[in-house]
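Before any comments, here is the structure.
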Amino acid sequence: SVSGESGEAMEDVDQVTLYSYKVQSTVTSRMATTMIQSKVVNNSPQPQNVVFDVQIPKGAFISNFSMTVDGTTFTGSIKEKTFGRALYSQAKAKGKTAGLVRSRALDMENFKTEVNALPGAKVQFELHYQEAKWRKLGSYEHRLHLQPGRLARHLEVDVWIIEPQGLKFLHVPDTSDGHFDGVPVISKGHQKAHVSFKPTVAQQRKCSNCSETAVDGELVVVYDVHREEKAGELEVFNGYFVHFFAPENMDPIPKNILFVIDVSGSMWGVKMKQTVEAMKTILDDLRTDDQFSVVDFNHNVRTWRNDLVSATKTQITDAKEYIEKIQPSGGTNINEALLRAIFILNEANNLGLLDPNSVSLIILVSDGDPTVGELKLSKIQKNVKQNIQDNISLFSLGIGFDVDYDFLKRLSNDNRGIAQRIYGNQDTSTQLKKFYNQVSTPLLQDVQFNYPHTSVTDVTQNSFHNYFGGSEIVVAGKFDPKKSEQLKSIITATSANTELVLETLAQMDDLEDFLSKDKHADPDFTRKLWAYLTINQLLAERSLAPTAAAKRKITKTILQMSLEHHVVTPLTAMVIENEAGDERMLADAPPQDHSCCSGALYYGSKIAPSSLPSWVSPSPTPKTPMPAIGAPVIETTPPPHVMRVEND
Amino acid sequence: PHFIIYLPKSQENICFNIDSEPGKILNLVSDPESGILVNGQLVGAKKPKNEKLSTYFGKLGFYFQHEDMKIEISTETITMSRDSRTSILSWSDTAQVLSQRVLVSVKREKTVTITLDKEMSFSVLLHRVWKKHPTNVDFLGIYIPPTNKFSTNAHGLIGQFMHEPKIRIFNERPGKDPEKPEASMEVKGQNLVVTRGLQKDYRTDTVLGTDVPCWFVHNSGKGFIDGHYKNYFVPQLYSFLKWP
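These protein sequence lines map, in sequence, to chains A and B. The opening position of the first sequence corresponds to residue 807 in our numbering, with each subsequent residue numbered one higher. The opening position of the second sequence corresponds to residue -19 in our numbering, with each subsequent residue numbered one higher.
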């Protein structure tokens, strides 16, 4: 029965009834697995198209999908893309489609399934996906896009956050202009939290006599964890380890930063206005021991100053005035712009004008492909690589969809940075500022993670040029407990004129005990996080592979892992078929942005365990458990033979 | 605080206590020539026991003038400052930090060792007590090896003994308490009555320690230390000693 159960009337106008819309999402140590389930009934006397259209974060991996249409179940399986397409073409399902469509508006993509349902038919859709939570500006944001499309008789969203490190804070910001005030219920403990969002039908309505739903947006959970040790948290479980590194309480390293801004004709209008607005705030945020300059380019390249200057108030005011006066026009000469920026930094470095303990960054902002000068993207990439000194990191921000984002990503990853897509809308300024804030506070350089034991294999990227405050570096790998009882990590890094070596040991039994007590905790989180990191890093490495043979090898590994871990990646597709196998649908990743959006701020490299600096004496790995902290001090009466003197 | 001074040439341990008030800062090593300073600030127990409030070192400050480096060690954090930059480690960390000639090595919940140019070292031990203990508080201990090379003008409650005074222990005899033998100690032109006792070296075990037999100098080391113990109060954690 679909009517009258909750005592709330739903109009007969809505001939397709959304009986229930359920979202269950669990984050276990930064690894999120989400299930979206929708149950629909066609109450119309005519066949109706029933749509299941959900937004999932770009970079998430779909791991499962199933659909039941009037008792016939379709289940998903992961196949190599070409093979999957071939299977689909053999037995295309009638009246049913599925697909992944990349959204141009947001950092999301749509998974859409459409079924032609007969009168009275009941349809259930269920989608599972997984993603890693990346720390940005001091917190993690877990976003669930709720888009039921219509009033749901039962709308239930449950989010469990399970963080063994302990929750420092957790809140659910209002994203509905107050419409759902008081509806989300949060229960928070030391290491776990539950957020429940279950609006009644009346609460879902846009207005008291509206038939449209107001549920069309995001439920966001924002949180951060406690950090006891500078060396981070090392968790071992089920044959895998994950290492979360986000040290605090360090002064920022001075930075030398060059802003390289596209002012070609296509930037005219909202894009330039938003860029200027962002740049003014960014320049105000520079610290007094930072140095900076601005390069703006179209078919020509101009520099505000030919050299880097200190970020004094006068210089910043002058730079802001310069940027405000820029009128975008003309073509795009990215090659010359980047080479000029690199020249300025290299020259300053060679002349000893840079603080030897500083960090050098180039931030490129562009909205299109090169149209003047060197047009071949691979040549531009080569020119940059050949000229850039290896202490400079290049970050690229691509505004809009006319820019070749893959090129920017390759360019940045090849030069110790990352690329990020900026959506060209009224929000551009905020996005630019948010990105800058993520790299505005370098705390460490040359961070390397060592796990010096043969029990550790298949470690993800473990060497990073920079660590920026407010972010987190995650390293994962496989651990064989038969070869060692303990897992130790030694991290080396530099901060200004200081060298650091940090050690940490994994608490081997605590996690198993902790996870076993919570039915919502995902016991597979270590494996999933390792697979997610590895696949995304391999996808990026594939773009940078120097030869076709190297690329093929990486492709093979990605494919194997995608199939083994049952996830849709750019190399696999989900074939959704009925039990008989004579009706199939296909969901595969959209063609563009092959290596998009893992969300990580860092692109590092893999290095073998290296020898420690000569001045270091690592502590031996303890063979016995450490004594309990906080045990009461035993006070005893001194034995008679102990001679105590006055005031002892 | 309990002081144990090992005199290598005499092969004797001489010990004394400084019984003062919470908040006072005692100068332990003051060597302007070498540019080395160590001060310790006292912290009191939660409440008196037997009408007496125990005091301990709650904070130690190290200043290496030639490196312009300050290191403050409390029972919670280890703060390193150089130029205008500050880094903070906690006792939960196991880390080694090298800044030019100064190496700071932290062993989680146990020790901090400061090494200067591989020639001089200082060890600080953390004594962590049960948080809910009615009187006891966390405190620190400091250990300075006699091999550290200070200048001839080094001073402070510990620094003054880097250049070993000559002592002569004689006339050992039973004390007023038969279990506490006494003796006479000739030092700095005076004869002091000293009592045989046991102090503790906690480097082997921070809870029980190892017994260190020593000759105890009463009255806050009077006669053994230069001047009076109050001469060693300094106003700030990084103040050099101004000897009257």
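Ideal Cβ positions, reconstructed from N, Cα and C, are used throughout, including at glycine.
Residue i in three-state terms, based on DSSP
| i | result |
| --- | --- |
| Asp1124 of chain A | helix |
| Leu1025 of chain A | strand |
| Thr184 of chain B | coil |
| Gln1292 of chain A | coil |
| Ser1416 of chain A | coil |
| Thr919 of chain A | strand |
| Ser64 of chain B | coil |
| Ile868 of chain A | strand |
| Gln896 of chain A | helix |
| His960 of chain A | strand |
| Gln852 of chain A | coil |
| Asn1193 of chain A | helix |
| Pro1431 of chain A | Per-residue confidence for Pro1431 of chain A stands at a pLDDT of 38, beneath the threshold of 50, marking its modelled position as unreliable; the derived number appears in the next sentence. In this structure, Pro1431 of chain A counts as coil in the three-state DSSP scheme. |
| Glu1041 of chain A | strand |
| Val1076 of chain A | helix |
| Lys146 of chain B | coil |
| Ala1154 of chain A | helix |
| Gln80 of chain B | coil |
| Phe130 of chain B | coil |
| Ser1401 of chain A | Confidence at Ser1401 of chain A is low in this model, with a pLDDT of 47, below 50, so the placement of that residue is unreliable and no value is reported for it. |
| Gly1204 of chain A | strand |
| Arg836 of chain A | coil |
| Ser1184 of chain A | helix |
Within chain B, partners of residue i - CB distance below 7 Å
| i | result |
| --- | --- |
| Lys1036 of chain A | Leu69, Asp73 and Ala75 |
| Ser1301 of chain A | Ser67 |
| Val1307 of chain A | Ala75 and Gln76 |
Residue i: contacting residues in chain A (beta-carbon distance under 7 Å)
| i | result |
| --- | --- |
| Thr66 of chain B | Asp1057 |
Buried versus exposed call for residue i [16 or more other C-beta atoms within 10 Å across all chains shown]
| i | result |
| --- | --- |
| Trp1074 of chain A | exposed |
| Leu1249 of chain A | buried |
| Lys1492 of chain A | Outside the shown range of chain A, which is 807 to 1454, sits residue 1492 of chain A, and nothing can be said about it. |
| Ile1440 of chain A | Unreliable placement is indicated for Ile1440 of chain A, whose pLDDT of 33 sits below 50; the coordinate value is still reported in the next sentence. Burial call: exposed. |
| Lys1215 of chain A | buried |
| Asp1173 of chain A | buried |
| Gly121 of chain B | buried |
| Asn151 of chain B | exposed |
| Val1076 of chain A | exposed |
| Phe889 of chain A | exposed |
| Asn855 of chain A | exposed |
| His1032 of chain A | exposed |
| Trp71 of chain B | buried |
| Cys1016 of chain A | exposed |
beta-carbon residue i near the ligand SAH non-hydrogen atom, thresh 8 Å
| i | result |
| --- | --- |
| Glu1305 of chain A | Absence of the ligand SAH is noted for the structure shown, with no ligands found whatsoever. |
Closer than 9 Å at the beta carbon, the chain A residues around residue i
| i | result |
| --- | --- |
| Gln80 of chain B | Asn1303 and Thr1304 |
Expected contact under 8 Å - CB spacing of residue i and residue j to nearest Å
| i | j | result |
| --- | --- | --- |
| Leu1350 of chain A | Asn1219 of chain A | 6 Å |
| Val860 of chain A | Leu933 of chain A | 6 Å |
| Arg1146 of chain A | Val1026 of chain A | Arg1146 of chain A to Val1026 of chain A, Cβ: 41 Å. No contact. |
| Gln936 of chain A | Lys1334 of chain A | 6 Å |
| Glu31 of chain B | Gln80 of chain B | That pair is no contact at about 49 Å. |
| Asp73 of chain B | Arg88 of chain B | 6 Å |
| Phe204 of chain B | Leu172 of chain B | 7 Å |
Within chain A, partners of residue i - CB distance below 8 Å
| i | result |
| --- | --- |
| Leu83 of chain B | Trp1421 |
Within chain B, the residues that residue i reaches when beta carbons sit closer than 9 Å
| i | result |
| --- | --- |
| Thr1455 of chain A | No answer is possible for residue 1455 of chain A: it lies beyond the span of chain A, which begins at 807 and ends at 1454. |
Neighbouring residues, chain B, relative to residue i (Cβ below 8 Å)
| i | result |
| --- | --- |
| Thr1310 of chain A | Thr74 |
Proximity test, Cβ basis, 9 Å: residue i and chain C
| i | result |
| --- | --- |
| Arg148 of chain B | Of the protein chains in the structure, A and B, none is chain C. |
Contained alpha helix (DSSP H) runs [length at least 4] in the stretch 1295 to 1378 of chain A, N- to C-terminal order: 1316 to 1322, 1331 to 1349 and 1354 to 1370
Ranges of the alpha helix (DSSP H) found wholly within the stretch 196 to 223 of chain B, counting only runs of at least 4: Correct list: 198 to 201.
Could you tell me which uninterrupted alpha helix (DSSP H) segments, each at least 4 residues in length, are contained entirely in the stretch 983 to 1027 of chain A, listed from first to last along the chain? Entirely contained in the stretch 983 to 1027 of chain A, the alpha helix (DSSP H) runs reaching 4 residues are, in chain order, 1007 to 1010.
Contiguous beta strand (DSSP E) assignments of at least 3 residues, all confined to the stretch 928 to 954 of chain A: 928 to 938 and 946 to 952
Taking only runs that begin and end inside the stretch 1205 to 1286 of chain A, name each unbroken alpha helix (DSSP H) of 4 or more residues, in chain order. Segments of the alpha helix (DSSP H) lying fully in the stretch 1205 to 1286 of chain A: 1211 to 1219 and 1234 to 1245.
Give, in chain order, every unbroken run of the alpha helix (DSSP H) that is at least 4 residues long and sits entirely within the stretch 1057 to 1106 of chain A. 1076 to 1091
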